[in-house]
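Residue numbers (the numbering used here), protein chains in the order written: chain A, 1048 to 1157; chain B, 9 to 121.
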């Protein structure tokens, strides 16, 4: 069964600290993996897209990694800011199918 | 929101009434999608369109219909709204169905009482 599991469900960290969010998937055949940021009351916005051959991609303070062998991805946020408070959604695409994870809710405290 | 608008942004309706949500894009993207987002679930695909008058079902299509008569507009209709259709609905667009990214609209919050 095609599934995308994210952990933790929620996370609270202090402003300025780093954090890492996890995504495990069983989607096959794999096409690409995306990380989205969703602010409260808004639509998701893409952070990174990675295909099978890419194992790291950065977007400012956001760095995503992909291990296609173990079917795991992580999103690392460096020097967190209050504006990073949001839900982060992992999305895996297969042929004619897009599977969304349930997201990790990140709270940044001042 | 990448040239995507959704209307209305909020709606409250009664069980059994028909409801139509509109998605409008100015990007001339071929693919358009309707998703619903509920607590405890990831975004779930309702229907999608791969061109004018070309649509297909997603994983939660029961109780919903769609139409696309122009490239820029994709309509989602609840023929007879039920309380289980209370949700936040997102429209998305993409150039292709593959590696190209999906851009999401701002969402419509629908409450069925």
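We put the CB at the ideal spot given by N, CA and C, even for glycine.
The beta carbons of residue 1127 of chain A and residue 1064 of chain A sit about 6 Å from each other, so the pair counts as a contact at 8 Å.
Under the 8 Å Cβ criterion, the segment 1074-1090 of chain A counts as touching the segment 1105-1123 of chain A, having at least three qualifying pairs.
Using a Cβ-Cβ distance cut-off of 8 Å, the segment 50-60 of chain B and the segment 113-121 of chain B are not in contact, since fewer than three pairs of beta carbons, one from each stretch, lie closer than that value. Residue 100 of chain B: member of the beta strand (DSSP E) spanning 95-102, first to last residue.
Residue 14 of chain B and residue 31 of chain B have their C-alpha atoms spaced approximately 5 Å apart. Taking 8 Å as the cut-off, the Cβ atoms of residue 1125 of chain A and residue 1057 of chain A do not count as close. Residue 1156 of chain A is positioned such that its CB atom lies closer than 8 Å to that of residue 1059 of chain A. With the rule of 3 Cβ pairs closer than 8 Å, the segment 71-88 of chain B counts as touching the segment 37-51 of chain B. By the neighbour-count criterion, in which 16 or more other beta carbons inside 10 Å mark a residue as buried, residue 1091 of chain A falls on the buried side.
When the beta-carbon positions are compared, residue 1071 of chain A and residue 1052 of chain A come within less than 8 Å of each other. For residue 1129 of chain A, there is no enclosing beta strand (DSSP E), as DSSP gives it neither H nor E. Counting along the chain, residue 18 of chain B sits inside the beta strand (DSSP E) bounded by residues 18-21. The C-beta of residue 1148 of chain A comes closer than 8 Å to at least one C-beta of chain B. By DSSP's assignment, residue 84 of chain B forms a beta bridge with B:29, B:74. Distances from the CA of residue 1055 of chain A to each of A:1105, A:1066, A:1098 were compared; the closest alpha carbon is that of A:1066. Contact check for residue 23 of chain B against residue 90 of chain B passes: the beta carbons are separated by less than 8 Å. Residue state for residue 1120 of chain A is assigned as strand, using DSSP reduced to three classes.
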